[in-house]
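Reading through the structure tokens given below for one structure.
Chains as they are written, first to last, in the working numbering: chain A, 1444 to 1730; chain B, 1444 to 1730.
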């Protein structure tokens, strides 16, 4: 499963670089009796459902509260701004918007995730492309997502998706979000896709485009690249990435404009080695 | 890793029964180049750190807010009460308390989790028992946990741990929590352990004992058994467990007194099969 997930993360997380250790041969056992642990947890457990629903409830509560007074700034970083010297796009008198990633943020991609894991074939971009085109009705809204987008829209906040699905498959993604009960997303207006600009998998340019038209009060995603591409800088060491994401400037935003959904199935953290995840001074051995 | 995690979950989650499919032979590959995906995510990623820190911040905010007016009831279910007909232990004029699980709720058990995964030996109760005795200094407080307990204590709220670590190893667990920076927990007063009463791994009896002395405004844990043993009823079908945990009565408590930490490493959801995690009407195959 590591191979499936790592490759998926490169696509969906918008990583700038493929780590050297990516293996493209199948690594997951096929016909396993049960799904891999991380899929059981995310897609099947009440524990994850409760956690996801709590994030969605907080987003809706925050959005309704936030627009009582007009904010000066969007929560979209200004071009070139970093966590070291954060600066934000101005709100002016623009209409309010909340911007979300799609995959594993608004919807769970049950179809291909089961297919990849069950067949043990690893992530396959051609199959994923088919999924973008034809997945409508087979992806589900995550727990509490429908209620969340409905509450934001009822408060007059425009709900926008900014995803690394392909611009070539815009209709499939519009259909998939609608069929999941999440309402209307329209390419170029409330749906931004990879290929809309020259930024590739970086969402920064699309965020700037959105923030030029909207006062963005909420960013939601399952990957740090859903907030700023600075977290995806090529060869950023794990410790620095951790320091950036847990800096004072970032901490001031988490759960207060920036909302992160749990996703233990894929992400750039799949590069981490033993000593990255387990500091050496915490090593312990039984007698 | 499935075997490691599943067996750990039986211990730490307080499962009433061992599922028939538990395999006790080692199943994790030893000397893997990297940790299993779910360990990379939970223990190593900024994504998980941000998510855990957000839960801790909400707990502290909620606690400080909640005691501005005295609640009528604890968030501990009254003996025999279920989500179908919830009723709670009364607060009276008792002092305020917040009750937390320890493992993967206040601390991350980096020592044995690395050991089990790296050696591929599977969960081993004798090794875990050594860990309870000797792990002080090798477990770490989870992101934001120290700040959270300090804020609650500063507000006059007693912080209590209710864990399925063994009463026989009380000193080791007191030392482990102290060494992680979480302050003083004293067995029988602010530390409740398996063996303190006749309830075995069910925490209901210990919760009732605590609620007889305190107005419990917060329960925190990574497993549903940290809130009520009704979620751990023997042979409870997955769909019913999901329905209970996401019922209206439970939803009224999540993030408003009951706080769940993400833990994709172990839990009772490891019993789930393909069709539990992936509903059949969402099955999708590429052409």
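Heads up, the beta-carbon is just placed ideally off N, CA and C, and yes, glycines get one too.
- Interface annotation for the segment 1516 to 1537 of chain B against chain A: empty, criterion Cβ-Cβ distance under 7 angstroms.
- Per DSSP, reduced to three states, the secondary structure at residue 1684(A) is helical.
- A contact between stretches requires three or more CB pairs, one per stretch, nearer than 8 angstroms, and the segment 1550 to 1560 of chain A fails this requirement with the segment 1667 to 1685 of chain A.
- Residues of chain B whose Cβ lies closer than 9 angstroms to the Cβ of residue 1685(A) are, in chain order, 1487, 1488, 1489 and 1492.
- Interface residue (Cβ-Cβ distance to chain A less than 8 angstroms): residue 1688(B) is classified as such.
- Closer than 8 angstroms to the CB of residue 1721(A) there is at least one CB belonging to chain B.
- Taking all protein chains in view, the Cβ of residue 1683(B) is surrounded by fewer than 16 other Cβ atoms within 10 Å, so the residue is classified as exposed.
- Taking 8 angstroms as the cut-off, the Cβ atoms of residue 1655(A) and residue 1636(A) do not count as close.
- Annotation: residue 1593(A) is outside any beta strand (DSSP E); the continuous alpha helix (DSSP H) that includes it extends over 1588 to 1597.
- Residues of the segment 1643 to 1672 of chain B with a C-beta less than 8 angstroms from any C-beta of chain A: 1665, 1666 and 1667, listed in chain order.
- A residue is called buried once 16 or more other Cβ atoms fall within 10 Å of its Cβ, and residue 1568(B), having fewer, is exposed.
- Between residue 1503(A) and residue 1590(A) a beta carbon distance of about 7 angstroms is seen, short of the 8 angstroms cut, so the two are scored as contacting.
- Runs of the alpha helix (DSSP H) lying entirely within the segment 1514 to 1567 of chain B and spanning at least 4 residues, in chain order: 1553 to 1562.
- Judged by DSSP in its simplified three-state form, residue 1502(A) adopts helix.
- With three or more CB-CB distances shorter than 8 angstroms, the segment 1615 to 1627 of chain B counts as touching the segment 1574 to 1591 of chain B.
- Annotated three-state conformation of residue 1706(B) is coil, per DSSP.
- The segment 1621 to 1656 of chain B contains, as complete beta strand (DSSP E) runs of 3+ residues, the segments 1634 to 1637 (chain order).
- At a cut-off of 8 angstroms between beta-carbon atoms, residue 1480(B) makes contact with chain A.
- For residue 1694(A), the secondary structure class from DSSP, reduced to helix, strand or coil, is helix.
- Under DSSP, residue 1662(B) shares a beta bridge with 1542(B) and 1701(B).
- When secondary structure is reduced to three states using DSSP, residue 1723(B) falls in the helix class.
- Taking a contact as a CB-CB distance under 8 angstroms, the pair residue 1661(B) and residue 1505(B) counts as one, their CB atoms being some 7 angstroms apart.
- Sequence-ordered contacts of the segment 1709 to 1720 of chain A with chain B read 1709, 1710, 1711, 1712, 1713, 1714, 1715, 1716, 1717, 1719 and 1720 [C-beta pairs closer than 9 angstroms].
- Taking a beta-carbon distance threshold of 8 angstroms, residue 1496(B) counts as an interface residue toward chain A.
- In the structure shown, the three-state DSSP call for residue 1496(A) is helix.
- Between residue 1480(A) and residue 1713(B), the C-beta spacing is below 8 angstroms.
- Within the model, the alpha-carbon separation for residue 1648(B) versus residue 1657(B) is close to 14 angstroms.
- Inter-residue distance for residue 1701(A) and residue 1602(B) is about 29 angstroms (C-alpha atoms, whole angstroms).
- At least one CB atom of chain A sits nearer than 8 angstroms to the CB of residue 1557(B).
- A straight line joining the alpha-carbon of residue 1651(A) with that of residue 1643(B) spans about 56 angstroms.
- When the alpha-carbon of residue 1665(A) is set against those of 1617(A), 1517(A), 1722(A) and 1711(A), the nearest one is in 1711(A).
- In the structure shown, residue 1608(A) falls within a strand segment according to DSSP collapsed to helix, strand and coil.
- Straight through space, the alpha carbons of residue 1673(B) and residue 1488(A) are spaced by roughly 16 angstroms.
- Distance from the Cα of residue 1689(B) is smallest, within the candidate group 1476(B), 1494(B), 1526(B) and 1486(B), for 1526(B).
- Interface criterion met: the Cβ of residue 1730(A) is under 8 angstroms from a Cβ in chain B.
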